[in-house]
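Protein chains: 2
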Amino acid sequence: MRIALDAMGTDQAPRAEVAGALQALSELDDVEVVLVGDRALIEAELAKHGPMPERLLIHHAPDRVTAEDPPATVLRRKPHSSIVVGLRLHQKGEAAAFVSAGSTGAVMATSLFTLRPLPGVDRPAIGTVLPTAQAPCLLLDAGANVDCKPQHLVQFAHLGSNYARNMLGRAQPRVALLNIGEEPGKGDELTAEAYVLLEREEGINFVGNVEGRDIILGICDVVVCDGFVGNVLLKFYESVAAFIIALLRKELDRISVREKELEDVFRVLDYAEYGGAPLLGVGGVSIICHGGSPPKAIRSALAMAARAVRSDMVGHSARNLPVGTETQEAQ
Amino acid sequence: MRIALDAMGTDQAPRAEVAGALQALSELDDVEVVLVGDRALIEAELAKHGPMPERLLIHHAPDRVTAEDPPATVLRRKPHSSIVVGLRLHQKGEAAAFVSAGSTGAVMATSLFTLRPLPGVDRPAIGTVLPTAQAPCLLLDAGANVDCKPQHLVQFAHLGSNYARNMLGRAQPRVALLNIGEEPGKGDELTAEAYVLLEREEGINFVGNVEGRDIILGICDVVVCDGFVGNVLLKFYESVAAFIIALLRKELDRISVREKELEDVFRVLDYAEYGGAPLLGVGGVSIICHGGSPPKAIRSALAMAARAVRSDMVGHSARNLPVGTETQEAQ
C-alpha cells in the first residue's frame, strides 16, 4: 500500500518526516511512502541518508500551509500546498492514507472537504490514544469540534467504539462519558443530556460517567467529550509528561542513574510512542501529528496509517451509526 | 486565631484530621484548632497521640454528611453535621476560618448559604494552586460552577487576581484565559466572548489565551475557566501525578535508588504539599480538601487558612469587582 506523508508539516520539516519515513520503511515491508512537498528540500534531506531507498517516492508540492492560514481557506487558496496535494492523492485513490504534522486545523478542514464525513456523522472527531495504567484508552473528541450538542457525543461514542474494536482489539469496548461526577445527572447541560442519550443508545457498551481521575486508571476503552475539554486535557497531559521527563532527566543525571534503568517510566510518559491522532468519521484515513513530532512519532503515525488501511478502518468507522436527522454541517 | 476543622471529612476520619491538626499546631504558634465532629471518636483518636495538647479544642457535632446527601439539602437536613456546625462557628465569628475534607459539593453549598457571596460575585469559585515549572499558578474555577457565562469568567479573573496578589505575593498577577488556541477569537462560544470582556476589563492584567500545554510552564499567575473544564483538568492532573509517583517508586525500588535522592521530582508531583482549595468570593474563609487527604495535606490546608485570615483574604477578595447586574443566583 502507498501512504502519502506531508513532508512539510513539522517545525523542522522535512528532516523529521524523512527520517521517520525511512524508519517506517525499514519496519513495514508492504508500505510505500510518498513524501509530499518541496522536491528540492526533500532530496537534499534524503541525500544525507545515502542512496534513495526503495519504496520511497516524492510528489512535488511547491506551496506550504502556515499557522497563519485560516484552516477553512486552505483548500481554495493553497491548492498546491503539501496538505492539499497529499489529501488529493488520497482522495483520488493514489494513496491509501494521509499523514501530516502540519497545522491541525488545516489538515482537519481539508480532510473534511476532500474526504467528506461518512453517512450519519455530523462532526468528525479527532481520536487520541492515551497511555493508562492498563491498556491505552481512546479519547475523542480531542479538538476538532467545540460547542458540541449531546447527539454529537453519541456519534463520537460510535466512532470511538468502532475504532477500539477494529484498531485496538477490544471485543466489547467500554465507552464512558467524561464528566465531573460519577452519578447520572451530574455535569453540565451537555453531559447531563448526553448521558440520557448514551444510556439508551444501541450498539455501544456505555459504562457511564468517568471523571478526570479515572482516565489514567484504564477502566474504559473509549472516553467521549466535547473537543474543547478534550483538547485542553490532551495538551495539558502532553506538557505535564514532557515536564516530568525533563525534570527526571536532570535529576537522574545528578545522581548518575542512566535513563535506561527507568525506561518503563519514560515509556509511559513518552507521547511520541503513540504517534498520531486519526480524524474519525471521514471517508478516508487522515492521521494528524504534532508539529513538534520527532522521527519516532512520524514512524508511529505511518504504522498507524498502515494498520488503519489493512483493517479497513473507514469501512468499520460508521458501523451502527444511525443516520442523523441534523443537516450535515459545513465545518 | 481559631480555625474550625471538620474532623469527619476524610475517608478515614478522624485519623488524618487529628494528625494534621497536631502537625499544624506544632508549626503555627498563633493558631487554635477546633476539631468539629463526633467527640467520642475524636477523643479516642487523640488518646493515641498522648495528652491533649494546648490550643486544641473539640466541638461536638453528632451527625455526618455522606456522599449520598444532595449538597443543597445538607444545611436544612443535617444541621448537626460537622460541616454545618463548623461553618456556623465561622459564620458566628467563633472561628476565623473553616477547613473540611468532606463532600466538596456539600462544603461548597453550605459555605454559600452560610457565608454568602460577596457583592459583585454571582458565582463563587474554587481556586486551586497547581505546581508549574516556575511559581505555582492559581486555576479557577476548579469545579464549583458549570455552564458559566462569559461575565462569570470575568468575575473569576478578579477573584483570582486578588488572591494571587494577596496570598501568593504576585504584584501584578498575569491572568490568562484557558483556551484551545492562542489567538483572540479562538475557542468555544464561552471563551470567545469572555476574551472580549476580559480584554476591556479594568483592574486585571489580562495576558490573553493560554492552552493546556502552557499551564505547566508557569507563564501566568491565574488561569480562568469554566468549572467543568477546571474540574476535569485538576482531577486528571492529580491522578497522573499519583500514577507517576507510584510507577517511579516501584522502579526506584527495583534499581535500589532511594526516593529521597529524587525528592525534587516527588515534591513537584506531590499534591499533598498544596493542601486545600479555597472557595473564593464568599464572605468567609472556607478551604476544601480532598477526601483522600493525608495528615500533611490537612496541615497545609490549616496553614493556608491561617495565612488567609492573617492577610485578610476576604477583605481583598472582591476588590475591583464591579457589582454585577445579574441577580444573585441561588446555587
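Protein sequences appear in the order of chains L and X. For the first sequence, the residue numbers in our numbering are 1 to 331. For the second sequence, the residue numbers in our numbering are 1001 to 1331. Every residue gets a Cβ at the ideal spot worked out from N, C-alpha and C, and that includes glycine.
Query	Result
Output the distance between the C-alpha atoms of Arg-123 of chain L and Val-1033 of chain X, rounded to the nearest integer angstrom.	55 Å
Suppose contacts are defined by Cβ-Cβ distances below 8 Å. Is Ala-7 of chain L in contact with Ser-82 of chain L by that definition?	yes
Between Arg-1213 of chain X and chain L, is any beta-carbon pair separated by less than 8 Å?	yes
At a CB distance below 9 Å, what residues from the stretch 231–256 of chain L approach chain X? Give them in sequence order.	Asn-231, Val-232, Leu-233, Leu-234, Lys-235, Phe-236, Tyr-237, Glu-238, Ser-239, Val-240, Ala-241, Ala-242, Phe-243, Ile-244, Ala-246, Leu-247, Leu-248, Lys-250, Glu-251, Leu-252, Arg-254, Ile-255
Looking at chain L, is there any beta carbon in it that lies within less than 8 Å of the beta carbon of Leu-1262 of chain X?	yes
Taking 8 Å as the cut-off, decide whether the C-beta atoms of Asn-1179 of chain X and Gly-1169 of chain X are in contact.	no
Can you tell me where the beta strand (DSSP E) holding Arg-1039 of chain X begins and where it ends?	It is not in any beta strand (DSSP E) - Arg-1039 of chain X instead sits in the alpha helix (DSSP H) that spans 1039–1047.
So, at 7 Å on beta carbons, what are the nonlocal neighbours of Ala-1041 of chain X in its own chain, with the 5 sequence-adjacent residues on each side left out?	At residue 1041 of chain X the sequence reads Leu, which differs from the Ala that was named. The answer, listed in chain order, is Pro-1014.
When Cβ atoms are compared, which residues of the stretch 103–137 of chain L fall closer than 7 Å to chain X?	Ala-133
Which residues bound the beta strand (DSSP E) around Asp-1006 of chain X?	1002–1006
Could you run through the stretch 1172–1194 of chain X and flag, in chain order, every residue whose CB is less than 7 Å away from some CB of chain L?	Leu-1178, Ile-1180, Gly-1187, Asp-1188, Glu-1189
Helix, strand or coil for His-1060 of chain X, going by three-state DSSP, please let me know.	strand
Is there at least one Cβ from chain L nearer than 8 Å to Val-1146 of chain X's Cβ?	yes
Starting from Phe-1228 of chain X, find everything on chain A with Cβ-Cβ shorter than 8 Å and list it in chain order.	Among the protein chains in the structure shown, which are L and X, there is no chain A.
Gly-143 of chain L versus chain X: which residues are under 9 Å apart at the beta carbon?	Ile-1180
So Ile-219 of chain L contacts chain X; which residues on that side make the cut at Cβ distance below 7 Å?	Correct list: empty, because the minimum Cβ distance to chain X is about 11 Å.
Distance check for Glu-1043 of chain X and Gly-292 of chain L, CA to CA, integer angstroms please.	58 Å
My parser needs the alpha helix (DSSP H) runs of 4 or more residues fully inside the stretch 1185–1213 of chain X; what are they?	1189–1200
Pick helix, strand or coil for Thr-1110 of chain X, following the three-state DSSP scheme.	helix
Counting only the same chain and skipping the five closest in sequence on each side, list residues whose C-beta sits under 6 Å from that of Gln-1134 of chain X.	Gly-1218
Using a Cβ-Cβ distance under 8 Å, would Val-222 of chain L count as near chain X?	no
So which residues of chain L does Ile-1216 of chain X contact, with C-beta pairs closer than 7 Å?	Ser-239, Val-240, Phe-243
Below 8 Å between beta carbons: does that hold for Ala-1318 of chain X and Pro-1119 of chain X?	yes
Taking 8 Å as the threshold (beta carbon to beta carbon), is Val-1282 of chain X in contact with chain L?	no
Rounded to whole angstroms, what is the Cα-Cα separation between Gly-1020 of chain X and Pro-1117 of chain X?	29 Å
Measuring straight from C-alpha to C-alpha, what distance separates Leu-1022 of chain X and Gly-276 of chain L?	51 Å
Which residues in the same chain as Asn-166 of chain L place their Cβ atom closer than 7 Å to its Cβ, once the five residues preceding and following it in sequence are excluded?	Ser-311, Met-313, His-316
Please check if any C-beta of chain L sits within less than 8 Å of the C-beta of Val-1265 of chain X.	yes
Classify Thr-1104 of chain X: buried if its beta carbon has 16 or more other beta carbons within 10 angstroms, exposed otherwise.	buried
With a threshold of 8 Å between beta carbons, is Val-196 of chain L in contact with chain X?	no
Is DSSP giving Ser-1100 of chain X helix, strand or coil here?	strand
By the three-class DSSP mapping on this structure, what secondary structure does Ala-332 of chain L have?	As displayed, chain L neither begins before 1 nor continues past 331, which places residue 332 of chain L out of reach and without an answer.
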